[in-house]
Amino acid sequence: MAVVTMKNLLESGVHFGHQVKRWDPRMKKYIFAERNGIHIIDLQKTITAIREAYEAVRKTTAAGKSVLFVGTKKQVQQTIAKEAERCGMFYVNNRWLGGMLTNFSTIKKSLARLKKIEKMENDGTFDSLTKKEVAVLQKEKAKLEKNLGGIKEMKDLPGIIFIIDTRKETIAISEARRMGIPIVAVVDTNCNPEGIDYPIPGNDDAIRSISLFTQIIANAVIEADNESGLKIIENLQDGDEGFSDSNIDPYQDREDEEITDYSNYTPSEKQETNEDADDSSSSLIDEDELYGDR
Numbered sequence: 001m002a003v004v005t006m007k008n009l010l011e012s013g014v015h016f017g018h019q020v021k022r023w024d025p026r027m028k029k030y031i032f033a034e035r036n037g038i039h040i041i042d043l044q045k046t047i048t049a050i051r052e053a054y055e056a057v058r059k060t061t062a063a064g065k066s067v068l069f070v071g072t073k074k075q076v077q078q079t080i081a082k083e084a085e086r087c088g089m090f091y092v093n094n095r096w097l098g099g100m101l102t103n104f105s106t107i108k109k110s111l112a113r114l115k116k117i118e119k120m121e122n123d124g125t126f127d128s129l130t131k132k133e134v135a136v137l138q139k140e141k142a143k144l145e146k147n148l149g150g151i152k153e154m155k156d157l158p159g160i161i162f163i164i165d166t167r168k169e170t171i172a173i174s175e176a177r178r179m180g181i182p183i184v185a186v187v188d189t190n191c192n193p194e195g196i197d198y199p200i201p202g203n204d205d206a207i208r209s210i211s212l213f214t215q216i217i218a219n220a221v222i223e224a225d226n227e228s229g230l231k232i233i234e235n236l237q238d239g240d241e242g243f244s245d246s247n248i249d250p251y252q253d254r255e256d257e258e259i260t261d262y263s264n265y266t267p268s269e270k271q272e273t274n275e276d277a278d279d280s281s282s283s284l285i286d287e288d289e290l291y292g293d294r
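Here the sequence shown is numbered in the UniProt record's numbering, starting from 1 and rising by one per residue.
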């Protein structure tokens, strides 16, 4: 049985938001504080949101409906596919094609075409075709597989949709709302939580944070199937070691406009890009202050 604690969330950097100047005011109620020009997310509210989203996904799956995992930016693609496959659900991790939900009948035709080409490849039909014809079909298959492979077996609209990065997946959100499909989404401090049925405040850029959230949703599906899943702990357990977030880079995997590639920067150099940053060696937040007697 997997366990999520505050320590897990801290170690995954879930509490790190974006630079203050990039915030969306509609996220105000989910923000605990500001440190060195970076918003710190209130993890108590994250825990509450995780519980609500987890239960929604579990109930949806238990009712026999499917879950669609969506995340198309580079650092989330592998995790989205891995976790969706682990729990036997569907995913979109390359590109959201307009009409995937609102024009699903057309998408189903494309899926049928993909399966037909696969059948031709497997039953020996390719052997009777010219090399040029085979090359054309293989190219078509590769394109369809890349964009639709994760929903190849999805016969109906999903019962709920899980999204990483609401700013990037605006079309998916718009289509889900139009079709009345509940939305679970990780919302960072630069996101708009309105219109999301189950917003989960958290870092939607760091790979460890993304992985943690996606695993939680997959576990909800698995629990509905075999009564095994996630236990959510609201507070640090006795015996948990202290955690210093000074080792977590708050800018990890961020895609801010001013600096898009941090591969050549040291942590101190990244801190200096922040207008209001203090000494880069200082801790961004004191754990006792965040989780002490409030």
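Every residue, glycine too, gets a C-beta built ideally from N, C-alpha and C.
Cβ distance (whole Å) where Ile161 is taken to contact Val70 below 8 Å: At roughly 6 Å, the Cβ-Cβ gap stays under 8 Å, so Ile161 and Val70 are in contact.
In chain order, each beta strand (DSSP E) run of at least 3 residues that lies wholly inside the region 13-82: 16-19, 31-35, 38-41, 67-70, all fully within the region 13-82.
Asp156, buried or exposed, once every other Cβ within 10 Å from all chains shown has been counted against 16: Exposed: under 16 other Cβ atoms inside 10 Å.
Proximity below 9 Å, CB of Phe184 to CB of Val57: Residue identity differs from the one stated: residue 184 is Val in this sequence, not Phe. Yes, the Cβ-Cβ distance between Val184 and Val57 is below 9 Å.
Cα-Cα separation between Val80 and Ile50, rounded to whole angstroms: One detail in the question is off: residue 80 reads as Ile in this sequence, not Val. In this structure, the alpha-carbon of Ile80 lies about 17 Å from that of Ile50.
Phe104 - containing beta strand (DSSP E), residue span: The continuous stretches of beta strand (DSSP E) do not include Phe104, which lies in the alpha helix (DSSP H) extending over residues 104-122.
Buried or exposed (CB count within 10 angstroms, at least 16 for buried), Ser105: Classification for Ser105: exposed.
Endpoints, the beta strand (DSSP E) within which Ala185 is located: In the DSSP annotation of this structure, the continuous segment of the beta strand (DSSP E) that includes Ala185 starts and ends at 183-187.
Minimum C-alpha distance to Cys5 - residue among Arg177, Ile31, Gly37, Gln44: The sequence given here has Thr at residue 5, not Cys. Just measuring C-alpha positions, the residue of Arg177, Ile31, Gly37, Gln44 sitting nearest Thr5 is Gln44.
Buried or exposed (CB count within 10 angstroms, at least 16 for buried), Glu133: Exposed is the label assigned to Glu133, since fewer than 16 other Cβ atoms lie within 10 Å of its Cβ.
Same chain, Cβ closer than 8 Å to Arg208, five either side skipped, listed in chain order: Glu11, Ser12, Gly13.
Candidates Lys116, Asn226, Asn147, Leu101: closest to Ile181 by CA position: It is Leu101.
When His18, Leu111, Gly99 are compared against Arg35, the one with the closest alpha-carbon: Taking only the C-alpha atoms, the option nearest Arg35 is His18.
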